[in-house]
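Written out below as structure tokens is the structure these notes cover.
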Amino acid sequence: MDFTIAALLTQDGVITGAVYALLAMGIVLVFSVTRVIFVPQGDYVAYAALTMAALQAGKTPGVIWLLLILSVLATLMELTQHVRAKNLRKIPRALTQYLGWPALWILLAYFLAPVQLPIYVQAALTLALVTCLGPLLYRVAFQPVAGASVLVLLIISVAVHLAITGLGLIFFGPEGSRTTPYSDARFSLGPLQITGQSIWVLAATALAIVGLYLFFTHTLRGKALQATAINRVGAQLMGIRSNEAGSQAFFLSAMIGGLSGLLIAPITTIFYDTGFLIGLKGFVAAIVGGLFSYPLAAMGALLVGLIEAFASFWASAFKEVLVFTLILPVLLWRSLRAHHSEEDEE
Amino acid sequence: MKQKSLIALALASMVGLQAHAEVKVGVIVGATGPGASLGIPYKNTFSVLPKTLGGEAVQYIIMDDGTDPTNAVKHARKLITEDKVDLIIGSSSVPAATSITDISSELKTPQIALSPVGPAASKNPWVFTIPQPASIMMGAVADHMKANNVKNVAYIGYSDAWGDLVLNGLKTHADSAGVKIVAEERYGRNDTSVAGQILKILATNPDAVVVGGSGTPGALPHVTLAERGYKGKVYHNHGVINKDFLRVGGKNIEGGFAPTGPVMVAEQLPDSNPTKKPSLEFIKSYEASFGAGSRNAFAAYSYDAYLLAGNAVAEASKKAKSGTPEFRQALRDALERVKNVNGTHAVYNMTATDHAGVDSRARVLVVIENGDWKLVK
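From first to last, the protein sequence lines are chains Z and F.
Residue numbering for the first sequence follows the working numbering, beginning at 1 and increasing consecutively.
Residue numbering for the second sequence follows the working numbering, beginning at 1 and increasing consecutively.
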């Protein structure tokens with residue numbers, strides 16, 4: 001191995017690592033606010049990439065049917081809840097949130113799909129569609145059991161993942177897709193060929209991380225989310241609605257997942273079931289961060305990306321083995337120095 | 001409750017009555033899971049097949065194993081013991097098809113595998129395979145390499161049984177073609193990057209690269225090679241022959257070679273080719289249901305399984321009644337005696353020692369030109 005190859009591998013590792021970092025952010029965010037280990041985080045990636053590909057091919061993206069079903073279910077659940085509690089004032093708000101917004105994006109996607117929109121409009125529409133999934137999934141699958149144990153929530157999250165992947169096969173078909181790159185620019189830096197696309201990935205990841213940081217430290221909503229993450233009951237006593245916090249966490253994580261999908265789609269072929277493996281690697285990264293620290297998770301993601309790139313060079317047959325073995329020393333180290341979490345004390 | 005069980009009883013007896021009148025074929029395909037892109041076309045064929053098989057009424061019971069060997073075994077056992085099928089067709093992925101072979105010999109039911117099976121299973125007397133063995137297919141690749149003075153070859157393939165089959169197929173011809181394999185790299189179906197493997201391959205400076213992938217994931221190494229400016233030849237295998245592979249690969253995979261069965265380029269074949277007529281028949285009925293250009297190698301394998309089964313059922317039904325062990329035995333014997341059956345992929349000639357029964361007429365080399373497969377003459 002010489003310097004050129006090392007540099008090329010590092011470049012590859014950093015770019016994949018950046019995508020894993022985004023996923024790890026989503027997983028940490030959802031876990032810390034709702035205690036859900038969100039397995040389908042990777043599925044957002046696949047859904048976003050395939051939705052984008054469908055829009056570029058002038059086809060109606062299948063995701064709108066899932067949105068439609070979820071939106072109707074969520075609205076019905078909200079209505080029953082408010083009617084039973086005789087809380088009719090809350091109904092208009094629930095209608096806009098669970099029926100109005102998704103319906104708007106569904107209609108837009110349905111009517112705009114055959115039109116060849118500019119690429120950034122397509123990307124924005126895709127992001128909106130995938131982001132809508134987050135709060136709806138939370139309302140339908142997780143909010144009714146928000147108080148359950150981590151294990152129950154994990155089982156539900158696995159079930160949601162299986163359902164989403166299965167539907168993905170129906171919506172998008174078994175074959176993979178690639179999308180048009182956002183930029184065809186290429187420049188050379190020594191031996192490295194840097195594509196415009198890879199700069200997009202890095203810039204978007206950096207922006208997302210900085211954005212999240214500012215959101216959590218400088219806005220009231222962000223601080224409320226963080227409060228819920230630190231102490232759910234305490235935050236509730238302070239007047240922070242935990243359900244709303246959960247919904248917002250899912251909203252953000254879906255947006256991050258959708259963003260990763262849009263970034264990665266032009267670089268590689270995405271299949272309806274690609275999401276699981278990518279999500280799992282994001283999860284490994286999140287574990288490195290102990291499922292609570294964003295900077296550590298981002299570093300973990302970079303580590304996973306680099307290990308993957310170098311392992312694929314040295315021992316390609318054992319690449320996945322090496323990546324997932326990484327989790328063992330990390331878990332060991334974590335369990336040795338971890339203080340007991342709330343869950344253990346229960 | 002009582003009423004319900006009565007209805008169930010009535011239904012069951014109706015099914016029972018029907019069972020004696022027709023041949024039952026259990027079909028197992030991986031229509032979901034990682035092998036779905038191949039499994040779905042495999043399955044599609046069964047919806048356009050005639051209602052008779054070898055002159056007998058037929059019922060196809062189609063099961064989806066999710067590309068999982070465990071499910072495949074479960075389905076095979078259930079199909080044979082509960083549904084009392086006379087024949088198993090499937091499965092569509094190598095690991096699943098290979099695991100079913102144990103069940104078919106244990107329960108003495110003939111199996112026509114839609115994918116190649118592992119080396120031990122291919123000696124199983126109850127198992128017949130449709131797809132050309134990788135060694136036959138890679139023979140076409142090796143011949144082309146020899147003719148074009150290719151000396152050093154690098155290999156990149158799946159880190160699973162398919163990757164091994166293609167590599168071994170290549171190795172059996174490497175010496176006679178004077179080809180040296182200088183690198184063996186692996187990748188996964190769902191991998192998002194093969195940059196590391198490709199860098200290692202490029203470092204060995206090979207004259208040609210052989211890709212052991214299948215379906216759309218098979219395009220990734222070729223695309224990465226093109227992005228790194230590789231100028232040598234790239235050979236694929238018969239697992240990539242479908243339209244979506246071309247769509248995903250786009251311009252990057254122009255000029256790539258692949259061996260395939262004659263059905264894919266049926267129109268370009270001379271009329272004297274025995275596979276041309278069944279191929280055109282298959283294409284006509286398949287594309288009538290699934291759209292022009294929807295033909296693919298996998299659906300055609302299912303069609304060949306149907307042709308072979310029809311041939312054997314016609315033979316076996318002279319000796320025994322369907323649904324009996326004698327019929328299954330007769331069916332197996334008939335399959336082993338198949339002679340000169342013209343399929344879409346090959347002319348099948350089974351013997352006691354050769355349960356694939358294909359020769360070099362079962363392969364053609366095609367090249368990707370302007371986003372379509374062209375026959376290499």
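Glycine is no exception: its CB is placed at the ideal position from the N, C-alpha and C atoms.
The structure displayed is predicted, hence computed values, not measured ones.
Among the options, nearest to residue i - alpha-carbon criterion
i	options	result
F:Thr192	Z:Ile5, Z:Gly13, Z:Ile287 and Z:Ser157	Z:Gly13
F:Ser93	F:Tyr301, F:Asn342 and F:Gly371	F:Tyr301
Z:Val36	Z:Leu259, Z:Gly289, Z:Val233 and Z:Val145	Z:Val145
Z:Asp2	Z:Trp333, Z:Gly42 and Z:Trp314	Z:Trp314
Z:Val33	Z:Thr325, Z:Ala301, Z:Leu252 and Z:Gly257	Z:Leu252
Z:Leu153	Z:Ala163, Z:His161, Z:Phe142 and Z:Leu162	Z:Phe142
Z:Ala185	Z:Val45, Z:Arg84 and Z:Ser198	Z:Ser198
F:Gly352	F:Gly310, F:Tyr235, F:Ala121 and F:Glu336	The sequence given here has Ala at residue 352 of chain F, not Gly. Among F:Gly310, F:Tyr235, F:Ala121 and F:Glu336, the Cα nearest to that of F:Ala352 is on F:Glu336.
Z:Leu202	Z:Leu22, Z:Leu9, Z:Val72 and Z:Thr131	Z:Leu22
Z:Asp108	Z:Ile64, Z:Ile156, Z:Ala18 and Z:Ala285	Reading off the sequence shown, one finds Leu at residue 108 of chain Z, where the question assumed Asp. Per the Cα distances, Z:Ile64.
Z:Glu416	Z:Ser71, Z:Trp101 and Z:Ala94	Residue 416 of chain Z lies beyond the residue range present for chain Z, which begins at 1 and ends at 346; the question has no answer from this structure.
Z:Pro135	Z:Pro92, Z:Gln248 and Z:Ile155	Z:Gln248
Cβ of residue i within 8 Å of any chain Z Cβ
i	result
F:Gly293	no
F:Lys251	no
F:Thr275	no
F:Ala36	yes
F:Lys200	yes
F:Val265	no
F:Val234	no
F:Glu185	yes
F:Leu170	no
F:Ala424	Any question about residue 424 of chain F goes unanswered here, given that chain F covers just 1 to 377.
Start-to-end residues for the beta strand (DSSP E) that takes in residue i
i	result
Z:Ser188	Arg186 to Leu189
F:Ile253	Note, F:Ile253: premise wrong, no beta strand (DSSP E); not H, not E.
F:Glu388	With chain F running from 1 to 377 in the structure shown, residue 388 of chain F is simply not present.
Z:Val130	Looking at the DSSP string, Z:Val130 is not in any beta strand (DSSP E); the run it does join, the alpha helix (DSSP H), is Ile119 to Leu137.
F:Asn152	Asn152 to Tyr158
F:Val127	Val127 to Thr129
Close Cβ partners of residue i (< 6 Å) along its chain, the five nearest in sequence each way excluded
i	result
Z:Glu346	Only weak support exists for where Z:Glu346 lies, its pLDDT of 40 falling under 50; the coordinates are left without a value.
Z:Phe271	Gly176
F:Pro274	Asn342 and Val347
Z:Ala54	Pro61
Z:Phe276	Gly42
Residues of its chain near residue i, where Cβ-Cβ distance is below 7 Å and the 5 sequence neighbours each way are ignored
i	result
F:Ala378	No answer is possible for residue 378 of chain F: the residues shown for chain F start at 1 and end at 377.
Z:Lys90	His82
F:Arg251	The residue asked about is misnamed: residue 251 of chain F is Lys in this sequence, not Arg. Cβ within range, chain order: n/a, list empty.
Z:Asp344	Reliability fails at Z:Asp344, whose pLDDT of 44 lies under 50, so the model's placement of it is uncertain and the value that follows must be treated cautiously. Cβ neighbours of Z:Asp344 beyond the five flanking positions: none.
F:Leu198	The displayed chain sequence assigns Ile, not Leu, to residue 198 of chain F. Excluding sequence neighbours, F:Ile198 sits near Pro221, Thr224, Leu225 and Arg228.
8 Å Cβ shell around residue i - same chain, five flanking residues per side excluded
i	result
F:Glu369	Glu254 and Gly255
Z:Ala7	Gly190, Pro191 and Leu192
F:Phe327	Asp86, Ala316, Ser317, Lys319, Ala320 and Lys321
F:Asn296	Pro41, Ile241, Asn242, Lys243 and Met264
F:Ala57	Ala21, Glu22, Val23 and Lys51
F:Leu17	Legend: pLDDT at F:Leu17 = 46, less than 50; position of this residue unreliable, no value from coordinates given.
C-beta neighbour in chain F for residue i, strict 8 Å
i	result
Z:Thr10	no
Z:Glu244	no
Z:Ile119	no
Z:Arg139	no
Z:Gly62	no
Z:Pro174	yes
Z:Glu78	no
Z:Ile327	no
Z:Ser316	yes
Z:Leu259	no
Z:Gly134	no
Z:Ser183	no
Z:Phe187	no
Z:Phe310	yes
Z:Leu282	Position check: residue 282 of chain Z holds Gly in this sequence, whereas Leu was assumed. Not one chain F Cβ lies under 8 Å of Z:Gly282.
Z:Ile230	no
Cβ-heavy atom distance, residue i to the ligand SAH, below 7 Å
i	result
F:Leu269	Among the components modelled here there is no ligand, and therefore nothing to report on the ligand SAH.
Residue range of the unbroken alpha helix (DSSP H) whose run includes residue i
i	result
Z:Phe111	Trp101 to Leu112
Z:Pro294	Per the sequence presented here, residue 294 of chain Z reads as Tyr, with Pro not at that position. Here the alpha helix (DSSP H) through Z:Tyr294 covers Tyr294 to Trp314.
Runs of beta strand (DSSP E) wholly within the region 21-64 of chain F (minimum 3 residues, chain order)
23-29 and 56-64
Those runs of the beta strand (DSSP E) which lie wholly inside the region 171-210 of chain F and span at least 3 residues
180-187
Minimum length 4: unbroken alpha helix (DSSP H) runs contained in the region 56-125 of chain F
69-81 and 94-106
4-residue-minimum alpha helix (DSSP H) runs that sit fully inside the region 25-92 of chain Z, ordered along the chain
41-56 and 63-84
Segments assigned beta strand (DSSP E), at least 3 residues, entirely inside the region 189-269 of chain Z
192-195
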